[in-house]
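In terms of UniProt numbering, the sequence shown is residues 17 to 429.
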Amino acid sequence: RTAEFPVLPATDGAASVDISTFTRQTGHTTLDYGFVNTSATKSAITFIDGDKGILRYRGYPIEQLAKNSTYLEVAWLLLYGELPTADELAAFDERIRHHTLLHEDLKRFFSSLPTTAHPMSVLSSATAALSTYYEDESDPNNPEHVELNTIRMLAKLPVIAAYAHKKSIGQAFLYPDNSLGFVDNFLKLNFGVLSEIYDIDPVMSRALERLLILHEDHEQNASTSTVRLVGSTGANQFSSISAGINALYGPLHGGANEAVLEMLAQIRDSGESVQRFVERVKNKEDGVKLMGFGHRVYKNYDPRARLVKESADEVLDALGVSDPLLDLAKELEQLALEDDYFKERRLYPNVDFYTGVIYKAMGFPTRMFTVLFAIGRLPGWLAHWREMQSDPQTKIGRPQQLYVGAPARDYPG
Ligand code: MLT
17 RTAEFPVLPA
27 TDGAASVDIS
37 TFTRQTGHTT
47 LDYGFVNTSA
57 TKSAITFIDG
67 DKGILRYRGY
77 PIEQLAKNST
87 YLEVAWLLLY
97 GELPTADELA
107 AFDERIRHHT
117 LLHEDLKRFF
127 SSLPTTAHPM
137 SVLSSATAAL
147 STYYEDESDP
157 NNPEHVELNT
167 IRMLAKLPVI
177 AAYAHKKSIG
187 QAFLYPDNSL
197 GFVDNFLKLN
207 FGVLSEIYDI
217 DPVMSRALER
227 LLILHEDHEQ
237 NASTSTVRLV
247 GSTGANQFSS
257 ISAGINALYG
267 PLHGGANEAV
277 LEMLAQIRDS
287 GESVQRFVER
297 VKNKEDGVKL
307 MGFGHRVYKN
317 YDPRARLVKE
327 SADEVLDALG
337 VSDPLLDLAK
347 ELEQLALEDD
357 YFKERRLYPN
367 VDFYTGVIYK
377 AMGFPTRMFT
387 VLFAIGRLPG
397 WLAHWREMQS
407 DPQTKIGRPQ
417 QLYVGAPARD
427 YPG
């Protein structure tokens, strides 16, 4: 069947291709508006060339954005397609600062959850709960509602995330300090202590900003595709993003940064050599896996991982700390990159490999790592939700099924 369809030529991300005249073959799956198969989606947001290790947001290389932009600037770029002017950015920032407060009742919602709850479960539950406060202003077809809830999500998710953190360590929630910018406010919400002046370390602040930028979008991965699928039903941004957070929670997706640190700690605690660990991975002994290595689309070094690795050194140097886990990670990477097993399979470190080491140096507990990924990814999810919503061809998603069950048969007796 696939032979009947012309193949869409490589587009290098160009937006000019009329996709309706072509069907892009992606394995056995084709873009088919009749089914709105979620595994085949057109989008003008992010371009990835996994063979060359290229990643661009709206045409701009990730390396340049990570170096020169702020999180909110990149968020604007993803949402609206262009970099903001200074005035646009200032107005966007100002609006977000005005929406950071959560409804006081949500405090009781947080209190009702067990202290042992994983912060990702708290994050997705509280995000879904936001919907209950804004039911009357959440019509996906009303542009004002869409704008307002985009701002609300950007303003409130970091606060929810910080509350999830504080809850998990039994500390009091702090109110947002709207005199601060996005990242500094978030750091203060997490690490500020009541009635003490909290100095934000600029190195930490810039490093976190950079990590968040690197996570802002990554085209059709499991969580983004989930946001689009849920959004295609007409569900509002809060419900759709909450679903995306749940998809991100899994160890094969956003949960991998947490799994990497656990793996490194296990190697350290076991006293086993890195070489022996690598052998066990290759022999698939006890199901042991090299977490944070390999990626479905990258057959080259993940460009984000390269930048994260640089940041890891910078942050640890600037904070004047050393971490044996970073040394272990580097040794592991070097051994793997020199080993034929990994070379033949084109397995390279991915974005999750070094992020945990930085988050740990900043003072975040391991269970917060995936939450930080979610804050990073939020602008991408919102941009995809809006892109899908504004496409007149969007229909409710309905994955195509191949029935492999029993043939028709008569009920016995
Ligand atoms: C991501 O950034 O979402 C991950 O690399 C997973 C993916 O893209 O499939």
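Just so you know, even glycine gets a beta-carbon here, dropped at the ideal spot from N, CA and C.
Pick helix, strand or coil for Ile412, following the three-state DSSP scheme. Sequence index remark: in the sequence shown, residue 412 carries index 396 (1-based). Look at Ile412 here: in three-state DSSP terms it is coil, with no helix or strand label.
Cβ of Asn206 within 8 Å of any heavy atom in the ligand MLT? Your numbering for residue 206 matches position 190 in the sequence shown. Not so, every heavy atom of the ligand MLT lies at least 8 Å from the Cβ.
Nearest-angstrom beta carbon gap, Ser256 and Gly247 [assumed within contact, 8 Å]: The residue given as residue 247 occupies position 231 in the sequence shown. The residue given as residue 256 occupies position 240 in the sequence shown. Gly247 to Ser256, Cβ: 4 Å. Contact.
Phe309 in three-state terms, based on DSSP: For the purposes of this step, residue 309 is taken as the residue at position 293 of the sequence shown. DSSP places Phe309 in strand when its eight states are reduced to three.
From Phe309 to Asn158, what distance separates their C-alpha atoms? Within the sequence shown, residue 309 is the residue found at index 293, counting from 1. Within the sequence shown, residue 158 is the residue found at index 142, counting from 1. So the two alpha carbons sit approximately 42 Å from each other.
Helix, strand or coil for Asp65, going by three-state DSSP, please let me know. By one-based count along the sequence shown, residue 65 stands at place 49. Looking at Asp65 - three-state DSSP - the assignment turns out to be strand.
In or out: Asn273 buried (at least 16 other Cβ within 10 Å) or exposed? Taking the first residue of the sequence shown as position 1, residue 273 is located at position 257. Under this definition Asn273 is a buried residue.
Any residue with its Cβ nearer than 5 Å to a heavy atom of the ligand MLT should be included. What is that list in chain order? For the ligand MLT, the selected residues are His234, Asn237.
Out of Ser286, Phe293, His234, which has the shortest C-alpha to C-alpha gap to Leu264? Working through the sequence shown from its first residue, we reach residue 264 at position 248. Of Ser286, Phe293, His234, the smallest CA-CA separation from Leu264 is found for His234.
Cα separation between Ile283 and Tyr357? Counting from one through the sequence shown, the residue named residue 283 turns up at place 267. Counting from one through the sequence shown, the residue named residue 357 turns up at place 341. Straight-line measurement puts the Cα of Tyr357 at about 20 Å from the Cα of Ile283.
At the level of alpha carbons, what is the spacing between Arg168 and Lys346? Residue mapping note: residue 168 aligns to position 152 of the sequence shown, counting from 1. Residue mapping note: residue 346 aligns to position 330 of the sequence shown, counting from 1. When rounded, the distance between both Cα atoms is 40 Å.
Only counting the same chain, and skipping five residues up and downstream in sequence, which positions put a Cβ closer than 6 Å to that of Asp34? Locating residue 34 in the sequence shown gives position 18, where the first residue counts as 1. Here Asp34 scores only 46 on pLDDT, less than 50, and its place in the model should not be relied on; the value that follows carries that caveat. The beta carbon of Asp34 is closer than 6 Å to none in its chain, skipping five residues each way along the sequence.
Between the CA atoms of Ser141 and Ser147 - distance to the nearest angstrom: In the sequence shown, counting from the first residue as 1, residue 147 sits at position 131. In the sequence shown, counting from the first residue as 1, residue 141 sits at position 125. Spanning the two alpha carbons is a distance of roughly 10 Å.
Let me make sure I understand the geometry here. Which of Glu354, Glu360, Asp368 has the alpha-carbon closest to that of Leu342? Numbered from its first residue, the sequence shown carries residue 342 at position 326. Relative to Leu342, the option among Glu354, Glu360, Asp368 whose CA is nearest is Asp368.
Tell me whether Tyr191 sits in a helix, a strand or coil according to DSSP, three-state version. Numbered from 1 along the sequence shown, position 175 holds the residue referred to as residue 191. Judged by DSSP in its simplified three-state form, Tyr191 adopts coil rather than helix or strand.
Length of the line joining the Cα atoms of Met220 and Thr132: For the purposes of this step, residue 220 is taken as the residue at position 204 of the sequence shown. For the purposes of this step, residue 132 is taken as the residue at position 116 of the sequence shown. Roughly 28 Å separates the two Cα atoms.
So, with DSSP's three-state summary, where would you put Pro395? By one-based count along the sequence shown, residue 395 stands at place 379. Residue state, collapsed to three classes: helix.
Any idea what DSSP makes of Leu71, helix, strand or coil? Locating residue 71 in the sequence shown gives position 55, where the first residue counts as 1. Note: Leu71 maps to strand in three-state DSSP.
Nearest to Glu232 by CA position, among Ile61, Asp426, Ser128, Gln416, is which residue? Start at 1 with the first residue of the sequence shown, and residue 232 comes out as number 216. Checking every option, the nearest Cα to that of Glu232 belongs to Ile61.
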